[in-house]
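In my numbering, the protein residues as written are 66 to 317.
Think of the CB as a built atom: it goes at the ideal place given N, C-alpha and C, for glycine as much as any other residue.
Working notes, beginning with the structure itself.
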């Protein structure tokens, strides 16, 4: 199925196979509905994946499916990108990596450049079933915009790179979920995709995009893939952009 949408100002056109839709995507959404029917209150699903793995597009498609299939419940989709620290903060603070000192803005997107305390506080409210404002990231101003979305749905999917990170603070965050999903991918494939994405979003040369990706995005992808706890549902994204179901609950 061909699916067209816009993600962070970029037009995305992707083909999802019927096999993936019928045997992976819809069963995941049915399982989330089953959890809600058992729990009888809001279900929070976390989808963690490295940059370049297509998680935002996939959740957009999940939302489309949930609203166009009578066997499913409509879902709300949100992301952690709105919890980037403000640009003024990143420009005036330093951090160490591999023995070198960088301005935080140079490494924007790594775990330290997110406001984890704020993300945790807001996610707790979502997990508790509260109606809560949720920020989104503006790629033009390079800053979050507060309360763009009001989260009020019964099934909420939250996506981000580090939601399953096995580190202090992040472990408390992923402990709030009712169901976790992760996407794994080959780092070489991610690098190619990230370079192409950076050229589009930054309007820069291949050489500059390559330099940025190797310093920032690819490092973040490695962090996500290597230091995350195993999810309840694990998907591999393949070179043809299809998905393979690696692990799932027995009763899904």
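Contact between residue 149 and residue 178 is confirmed by a C-beta separation of about 6 Å, below the 8 Å threshold. In the same chain as residue 264, and ignoring 5 residues on each side of it, the C-beta atoms closer than 8 Å to its own belong to 270, 271 and 274, in chain order. A direct Cα-Cα distance of roughly 16 Å separates residue 212 from residue 221. For residue 93, the uninterrupted alpha helix (DSSP H) segment begins and ends at 91 to 104. When C-beta atoms of the segment 224 to 235 are compared with those of the segment 141 to 148, three or more pairs fall below 8 Å, so the two segments count as touching. Sequence-distant Cβ neighbours of residue 282 in its own chain, meaning closer than 6 Å and more than five residues away, are 116 and 259.
As for any beta strand (DSSP E) of minimum length 3 sitting wholly inside the segment 177 to 251, the runs are 197 to 203, 208 to 216, 220 to 225 and 244 to 249, ordered along the chain. Taken atom to atom, the span from the alpha-carbon of residue 247 to that of residue 113 is near 5 Å. Taking all protein chains in view, the Cβ of residue 253 is surrounded by fewer than 16 other Cβ atoms within 10 Å, so the residue is classified as exposed.
Residue 167 is not a Cβ neighbour of residue 208, given a cutoff of 8 Å. Cβ contact annotation for residue 121 (same chain, cutoff 7 Å, sequence separation greater than five): 72, 144 and 224, in chain order. Here residue 297 is actually not in contact with residue 255; their C-beta atoms are around 23 Å apart, not less than 8 Å. Boundaries of the beta strand (DSSP E) harbouring residue 308: 308 to 312, taken from the DSSP string. Under the DSSP assignment, residue 109 falls in the beta strand (DSSP E) whose first and last residues are 108 to 113. Boundaries of the beta strand (DSSP E) around residue 161: 159 to 162. For residue 269, the three-state secondary structure derived from DSSP is coil. A straight line joining the alpha-carbon of residue 99 with that of residue 160 spans about 44 Å. For residue 288, the secondary structure class from DSSP, reduced to helix, strand or coil, is helix.
The continuous beta strand (DSSP E) containing residue 69 extends over residues 67 to 72. Assigned with DSSP and collapsed to three states, residue 133 falls in coil, not helix or strand. Between the alpha carbons of residue 315 and residue 96 lies a distance of about 11 Å. Annotation for residue 77: the continuous beta strand (DSSP E) segment containing it runs 75 to 80. Apart from sequence neighbours up to five positions away, the residues of its chain that approach residue 80 with a beta-carbon distance below 6 Å are 67, ordered along the chain.
Just so you know, the alpha carbons of residue 237 and residue 164 end up roughly 29 Å apart. Close CB contacts of residue 128 within its chain, under the 7 Å cut and outside five residues either way in sequence, are with 140 and 142 (chain order). Distance between residue 305 and residue 91, taken at the CA atoms: about 20 Å.
Nearest C-alpha to residue 235 among 190, 218 and 181: 181.
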